[in-house]
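Worksheet: one structure, shown below.
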Amino acid sequence: MSISNNPIAREGFLGTGAPLAADLNLVVQLAMAVALLIGTFLARRRRYRAHAATQATVLLLNLAMIATVMWPSAEQQVMPAFPGVFNRWYFAAPSIHAALGITAESLGIFIALVAGTSLVPERLCFRNWKRWMRAELLLWWITLLTGVATYYVWYGAAFR
């Protein structure tokens, strides 16, 4: 399928000239951020099953967004210029976002595996859930902000 016939490659709906996939990804990421806050609220209410379901859903949805939107975009627009990408924000912003995002997604998967399975060896499991989950939430928010910055650098800066 050529780019012109691909419905995801069409212009998005946020008025920045971004492709539809980028606009959808931004909206989904912001919705997931709200879901993470709801999950945090559920944990504070000791509704751990609902908390786990919410956080795991966000984790898996984010993995899908990485695979279908973010990775192909980075592969097409950033990787050809690598490693000399840090001299321009067009390349530096998504590179920083990718490094933080890989860390956040990996930590989230590790936390989910420790919390919900017996796949992780006992010596690698942690006990202080609050510390790890708060660190993950903070890292996720920083990653989200760098993602919004990437969107702005790629699409929003042209519309100032």
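With the first letter of the sequence shown counted as 1, position 152 gets the number 814 in our numbering; the numbers rise by one all the way through. Just so you know, even glycine gets a beta-carbon here, dropped at the ideal spot from N, CA and C. Please read all numbers here as calculations on a predicted model, not as lab measurements.
query                                                                                                                                                 : result
Are V815 and W733 touching if we call contact CB-CB under 8 angstroms?                                                                                : no
Which residue comes first and which comes last in the alpha helix (DSSP H) that contains G677?                                                        : Note, G677: premise wrong, no alpha helix (DSSP H); not H, not E.
Give the secondary structure of T779 by DSSP, where H, G and I count as helix, E and B as strand, and everything else as coil.                        : coil
Pop quiz: N687 and V731 are said to be a contact at Cβ under 8 angstroms. What is the actual Cβ separation, rounded to whole angstroms?               : 4 angstroms
Using the C-alpha atoms, what's the distance from A697 back to R707?                                                                                  : 15 angstroms
Would you check if the stretch 769-788 and the stretch 671-679 touch, i.e. whether three or more CB-CB distances between them fall below 8 angstroms? : no
How would you call G809, buried or exposed, if buried means at least 16 neighbouring beta carbons within 10 angstroms?                                : buried
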